[in-house]
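Asks: One structure follows; several queries about it will come next.
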């Protein structure tokens, strides 16, 4: 199977569509805001080209995708081929080094803000799991229970601990290699990272973090000091037990693009600490069921498909809430086709449908009005039900012993 | 032996002298500054009554001293009787509770800023050791290696670790009970305290710590967040392994008065955390050999007697540098006597001479001009040589195993 061949083409298409979107959005004067705590987008979604420019990142290019396909031990993931992971920092150099025999480790994470994760939360972990298999990488996964506690006035440490444990199980269910993966909560692991955290804090002033994260004088001092906790795992020296023999290992961070400010800062300070700058690989957001102008959100159950949803719940949510770009009447739809740019079911299919040819067929048939919203939704429902069901089965198999193993600091292979 | 009887009287004398000093200093318009990082005093020393008023503390009263003497299992320490420990917060309530059978633990500490400690550094530890014996208390001693690293641009983690180890040995040499004492470095122990540290940080804003500690926007984020690390040990819940059975234990903090701002803040936030407010017992500073208007300082070797000084070094320092209040000529001295208010040898004798009657004799004879500076210095030299020699002998006996025991988190008796 040669998945690799046709994919730069797919990516090309996505990019053209983005350019179109961008031009139209400019005309509408949409004010887009993407920070580590807020995402505000126009009604046709986030302008990712603009983000890349503003953040000073680079787009993942077709030659890079081809190279990843060549170096990978497993078929290229469709999220790379389709440009869901679209921007990067220094990924090209990392791949060059890998080609020359220099290994790297993966670092990703999550703030455990609620017990039940949704599909959007899963994206970086599924990507990271693929990267682990593809490049044989050790992987560290940070659960920032401290962060969530510091930012949410109502959250207790007991509650966030419970979220952390439940989230860890969902993450393990993505299929990480127990011999190569260390999952840690800041609350449990801070001690080992503390020397690096102090080194990082020493060179960051209030002014610097204020401008990056928008703090005020009323921000609590835990928030102000937190960025160092998220930066530390990007340096392999924060894991003395994991990387016993090799002191400085290259790091690749797969994450949603709103986390870039943390790692821009991390990259800025790396040379001062005589550490390697981590590479980044960033994803777009999974939009809310309700429309392209927001992210899936745990606080609105109807905006997202949760990993705990039953098949019925998934069907009802898609049928009832997934924003349709189809015509108001069947006649109108048959005549004008669906507006694919704003259609959530089609957008989700582009992410979750494994078969690119089928996506192209739907793009044609639904875009022309030949296929109806109900039919597209039905296809999406079945795919999402499958993904969630499989996840739930995997999760059920995770015992406390398995969890314990993943969360114990130990030498990774 | 009834040391207790004559001591309120001694304290009375000190207080009268302080009042005199205060009046004179006001006439001179001395601008006194006492913060956690700076002490600036007039040429006749720090105005402690003013500090107590400014900080909102209370003076330790004679009835309190009498009560301590009554409750103590050992003879009352002369530093309490002589008012070297002069101010407090809630010490009276703590003693009342102790009398009713409620135990307390002791918490003190040090920032390991250099390898060799001086006599001034030893004061809180010697007082704490006495309190441990007198009231049978468990004791925790914090070495803030992180603080010193964050504040000193040139200090490396390796260097501050070395200082921490050397300082820990000097502290143990004060005679702490190995079954009742836990010495910890933040760099090693931060993990266990981190839940409490996060709770504290969550309720402290940049504005609050800025006004207390004088931070600016260019302060590093480690400094800004540090106060929580010094506050946490004042709550017994920060030591789950030490106080396994009794969750909330009263805390008494013996320290130099410049550390009060940390604990004022700690007491302010205690109710919000449903923790007990720690009690405080604060000492005056040991002045520099060079004069009353500064503290002993590690950065000027001639300003202090170090615990590593040889008998010869002690003799030379006192003879050469200890600021004398004696007359410029013998004739003048015999006629006018010594100015005891600014005389450093007499000031040191008042702290370190064990015999109160002898101090009174010297006060009379030296103050009248009958005794010469050289004679007073000779008596001081002999006393300091003895203290330092005994300390050095104690320290020599401290093996790595002993150090290890003190620094291992474990249930205290």
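Residue numbers (our numbering), protein chains in the order written: chain X, 51 to 463; chain S, 51 to 463.
Every residue gets a Cβ at the ideal spot worked out from N, C-alpha and C, and that includes glycine.
#1: Taking the beta strand (DSSP E) that residue 331/X belongs to, which residues open and close that run?
#2: Looking at chain A, is there any beta carbon in it that lies within less than 9 Å of the beta carbon of residue 254/S?
#3: Using a Cβ cut-off of 8 Å, pull out every chain X residue sitting near residue 259/S, in sequence order please.
#4: Would you please verify whether the beta carbon of residue 458/S is less than 9 Å from any beta carbon of chain X?
#5: Is it buried or exposed for residue 507/S, if we count other Cβ within 10 angstroms and need 16 for buried?
#6: From residue 144/X to residue 386/X, what distance separates their C-alpha atoms?
#7: Looking at the C-beta of residue 183/S, does it have a partner C-beta in chain X at a distance below 9 Å?
#8: Would you say residue 394/S lies against chain X (beta-carbon separation less than 9 Å)?
#9: Tell me, please, whether the CB atom of residue 318/S is closer than 9 Å to any CB atom in chain X?
#10: With DSSP run on the structure shown, which of helix, strand or coil describes residue 456/S?
#11: Output the distance between the C-alpha atoms of residue 366/S and residue 230/S, rounded to the nearest integer angstrom.
#12: Just to make sure I have the definition right: I need the residues of chain S whose C-beta is within less than 7 Å of the C-beta of residue 196/X. Which are they?
#13: Start and end of the alpha helix (DSSP H) containing residue 277/S?
#14: How long is the line joining the alpha carbons of residue 170/X and residue 120/X, rounded to whole angstroms?
#15: According to a CB-to-CB cut-off of less than 7 Å, which residues of the region 216–245 of chain S neighbour chain X?
#16: One question on the structure: do residue 446/S and residue 395/S come within less than 9 Å of each other, judged by their Cβ atoms?
#17: Does the structure place the region 219–238 of chain X close enough to the region 311–323 of chain X that three or more beta carbon pairs sit under 8 Å?
#18: Using C-beta distances below 7 Å, list every residue in its chain close to residue 293/X, excluding the 5 sequence neighbours before and after it, in chain order.
#19: What residue range does the alpha helix (DSSP H) around residue 189/X cover?
#20: If we count the other Cβ atoms within 10 Å of its Cβ and call it buried at 16 or more, is residue 380/X buried or exposed?
#21: In this structure, how does DSSP classify residue 255/S when only helix, strand and coil are distinguished?
#22: Starting from the beta carbon of residue 274/S, find every residue of chain X whose beta carbon is closer than 8 Å, and list them in chain order.
#23: State the DSSP-derived secondary structure class of residue 344/X, mapped to helix, strand or coil.
#24: Does DSSP classify residue 447/S as helix, strand or coil?
#25: How would you list, in chain order, the residues of chain S whose beta-carbon sits under 7 Å from the beta-carbon of residue 306/X?
#26: Please confirm if residue 323/S has its CB atom under 9 Å from at least one CB of chain X.
#27: Threshold first: 4 residues or longer. Then list the alpha helix (DSSP H) segments lying entirely within the region 367–405 of chain S, N to C.
#28: Closer than 9 Å, CB to CB, is residue 266/X near chain S or not?
#29: Can you list the residues of chain S that residue 278/X reaches, using a CB-CB cut of under 8 Å?
#30: Out of 297/X, 248/X, 101/X, 457/X, point me to the one whose CA is closest to residue 275/X's CA.
#31: Just to confirm the assignment: which complete alpha helix (DSSP H) runs, minimum length 4, are found wholly within the region 125–174 of chain S?
#32: For the beta strand (DSSP E) that contains residue 234/S, what are its first and last residues?
#33: Roughly how far, in whole angstroms, is the beta-carbon of residue 129/X from the beta-carbon of residue 177/X, given that I think they are within contact range, below 8 Å?
#34: Counting Cβ pairs, one atom from each stretch, are 3 or more of them under 8 Å apart for the region 190–203 of chain X and the region 421–441 of chain X?
#35: Go through its chain and collect everything with a Cβ distance to residue 344/X's Cβ below 6 Å, but skip five positions before and after it.
#36: Measuring alpha carbon to alpha carbon, tell me which of 442/X, 419/X, 462/X, 319/X ends up nearest residue 295/X.
Replies: Judging by the given coordinates:
#1: Looking up residue 331/X in the first chain gives position 281. Segment 329–333, the beta strand (DSSP E) holding residue 331/X.
#2: Of the protein chains in this structure, namely X and S, none is chain A.
#3: Counting from 1 along the second chain, the entry for residue 259/S is found at position 209. Those are 271, listed as they occur along chain X.
#4: Within the second chain, the letter at position 408 stands for residue 458/S. No, residue 458/S lies away from the interface with chain X (no Cβ there is under 9 Å from its Cβ).
#5: Here chain S has residues from 51 to 463 only, and residue 507/S is not among them.
#6: Here residue 144/X refers to the residue found at position 94 of the first chain. Here residue 386/X refers to the residue found at position 336 of the first chain. Going from the Cα of residue 144/X to the Cα of residue 386/X covers about 46 Å.
#7: For the purposes of this step, residue 183/S is taken as the residue at position 133 of the second chain. Residue 183/S is outside the set of residues whose beta carbon lies under 9 Å from a beta carbon in chain X.
#8: Along the second chain, one-based indexing puts residue 394/S at 344. No, no contact with chain X.
#9: Walking along the second chain from the start, residue 318/S turns up at place 268. False, the Cβ-Cβ gap to chain X never drops below 9 Å.
#10: The residue labelled residue 456/S in the question sits at position 406 within the second chain. DSSP places residue 456/S in helix when its eight states are reduced to three.
#11: By 1-based counting over the second chain, the position of residue 366/S is 316. By 1-based counting over the second chain, the position of residue 230/S is 180. Distance between the alpha carbons of residue 366/S and residue 230/S: 39 Å.
#12: Here residue 196/X refers to the residue found at position 146 of the first chain. Chain S residues near residue 196/X: 248.
#13: In the second chain, the residue the question calls residue 277/S occupies position 227. Note, residue 277/S: alpha helix (DSSP H), 271–281.
#14: Walking along the first chain from the start, residue 170/X turns up at place 120. Walking along the first chain from the start, residue 120/X turns up at place 70. Answer to the nearest angstrom: the Cα atoms are 28 Å apart.
#15: Closer than 7 Å at the C-beta level to chain X, one finds these residues of the region 216–245 of chain S: 237, 240, 241, 244, 245.
#16: On the second chain, position 396 is the one that residue 446/S refers to. On the second chain, position 345 is the one that residue 395/S refers to. No; because the gap between Cβ atoms is not below 9 Å, this pair is not in contact.
#17: The region 311–323 of chain X makes no contact with the region 219–238 of chain X: fewer than 3 CB pairs, one atom from each, lie closer than 8 Å.
#18: For the purposes of this step, residue 293/X is taken as residue 243 along the first chain, with counting starting at 1. Once the five neighbours on either side are set aside, the close Cβ partners of residue 293/X are 286, 299.
#19: Taking the first chain and counting its residues from 1, the one referred to as residue 189/X is at position 139. Run containing residue 189/X: none in the alpha helix (DSSP H); it sits in the beta strand (DSSP E), 189–193.
#20: Counted from its first residue, the first chain places residue 380/X at position 330. It counts as exposed.
#21: Counted from its first residue, the second chain places residue 255/S at position 205. Secondary structure at residue 255/S: strand, using DSSP grouped into helix, strand and coil.
#22: Here the question's residue 274/S lines up with position 224 in the second chain. By Cβ distance, chain X contributes 256, 271, 274, 275.
#23: Translated into positions along the first chain, residue 344/X becomes position 294. In the three-state reduction of the DSSP assignment, residue 344/X falls in the strand class, which pools E and B.
#24: Walking along the second chain from the start, residue 447/S turns up at place 397. Under the three-state reduction of DSSP, residue 447/S is assigned to coil, being neither helix nor strand.
#25: The residue you call residue 306/X lines up with position 256 of the first chain. Within chain S, no residue comes near residue 306/X; the closest Cβ sits about 24 Å away, beyond 7 Å.
#26: Sequence index remark: in the second chain, residue 323/S carries index 273 (1-based). The Cβ of residue 323/S sits no closer than 9 Å to any Cβ of chain X.
#27: When DSSP assignments are scanned along the region 367–405 of chain S, the uninterrupted stretches of alpha helix (DSSP H) that are 4 or more residues long and fall wholly within it turn out to be 380–386, 394–402.
#28: As a working note, residue 266/X is residue 216 in the first chain. Interface residue, yes.
#29: As a first step, residue 278/X must be located in the first chain, where it is residue number 228. Listed along the chain, the chain S residues whose CB falls inside 8 Å of the CB of residue 278/X are 271, 272.
#30: Numbered from 1 along the first chain, position 225 holds the residue referred to as residue 275/X. Out of 297/X, 248/X, 101/X, 457/X, 248/X has the C-alpha closest to the C-alpha of residue 275/X.
#31: The qualifying runs are 128–131, 141–149.
#32: Locating residue 234/S in the second chain gives position 184, counting from the first residue. Segment 231–235, the beta strand (DSSP E) holding residue 234/S.
#33: As a working mapping, residue 129/X is identified with position 79 in the first chain. As a working mapping, residue 177/X is identified with position 127 in the first chain. Confirmed, about 6 Å.
#34: Below 8 Å, too few C-beta pairs join the region 190–203 of chain X and the region 421–441 of chain X to call them touching: fewer than three.
#35: Counting from 1 along the first chain, the entry for residue 344/X is found at position 294. For residue 344/X, where only same-chain residues beyond five positions count, the Cβ hits under 6 Å are 338.
#36: Counting from 1 along the first chain, the entry for residue 295/X is found at position 245. Nearest of 442/X, 419/X, 462/X, 319/X to residue 295/X, Cα basis: 462/X.
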